[in-house]
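Working notes for the structure below.
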Amino acid sequence: MQSMLRIIALFALLSTVMITSCVQPTYQRTVQFDVDMRDEQDFGFVAMVGEHEPLSWKESTKLSDPDGDGIYSVTLTFDLPYDFTECKFIIDDERYELKDQDNRRVEFNKEGTTQYQVKFDVP
Ligand SMILES: [Ca+2]
Numbered sequence: 000m001q002s003m004l005r006i007i008a009l010f011a012l013l014s015t016v017m018i019t020s021c022v023q024p025t026y027q028r029t030v031q032f033d034v035d036m037r038d039e040q041d042f043g044f045v046a047m048v049g050e051h052e053p054l055s056w057k058e059s060t061k062l063s064d065p066d067g068d069g070i071y072s073v074t075l076t077f078d079l080p081y082d083f084t085e086c087k088f089i090i091d092d093e094r095y096e097l098k099d100q101d102n103r104r105v106e107f108n109k110e111g112t113t114q115y116q117v118k119f120d121v122p
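Numbering that gives the first Met the number 0 numbers the first residue of the sequence shown as 0 and each following residue consecutively.
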């Protein structure tokens, strides 16, 4: 009886080790987002929401246009076991682009910084 318990305990320990070692490795992926806002008028700020940290669907992350050319940018680094993420851009935290359309799917480059250049509200 004693040895049976020991076997059960060992089995439980083994399965715990196996489950925890199955966690997928993650990769740091840096993306520079450039959004062309030149066809949009009357807005306060441009931001984005997305599936994975540092983005979220609840709290937006602002883009900026320090050189004033109408292209708004932000550079973010993701730490994920996937080779893509999903996002949408948003004006003044209320006007989502691509209404009733799929989220944007951003595929990461295997190496280096991914340049993601799009026009607001154009898939
Ligand atoms: Ca700019």
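Each residue gets a CB set at the ideal place from its N, CA and C atoms; glycine is no exception.
* Spell out a yes or no on whether the segment 23-31 and the segment 45-62 are touching, meaning 3 or more CB-CB pairs, one atom from each, closer than 8 Å. => no
* What do you get for Asp-119, buried or exposed, if any count of 16 or more other CB atoms within 10 angstroms of its CB means buried? -> Looking at the sequence itself, residue 119 is Phe, so the reference to Asp does not match. Phe-119 is buried by the Cβ-count criterion.
* Look at the alpha carbon of Leu-12 and the alpha carbon of Met-3, and state the distance between them as a whole number of angstroms. => 14 Å
* Could I get the ranges of all uninterrupted beta strand (DSSP E) runs contained in the segment 39-89, with 3 residues as the minimum, in chain order? => 45-49 and 70-79
* Asked: When the Cα of Pro-122 is compared with those of Arg-103, Gln-114 and Gly-111, which residue comes out closest?
  -> Arg-103
* Three-state class that DSSP yields for Phe-119 in the structure shown -> Note: Phe-119 maps to coil in three-state DSSP.
* Hey, how far is the Cα of Arg-5 from the Cα of Ser-14? -> 14 Å
* Asked: When the Cα atoms are used, what is the spatial distance from Glu-50 to Asp-66?
  -> 29 Å
* Hey, how far is the Cα of Arg-97 from the Cα of Pro-24? -> In the sequence as displayed, the identity of residue 97 is Leu instead of Arg. So the two alpha carbons sit approximately 32 Å from each other.
* **First through last residue of the beta strand (DSSP E) which encompasses Glu-110** => It is not in any beta strand (DSSP E) - Glu-110 carries neither H nor E in the DSSP assignment.
* Asked: Residues bridged to Met-33 by DSSP?
  -> The sequence shown places Asp at residue 33, not Met. Partner(s): Ser-72 and Gln-116.
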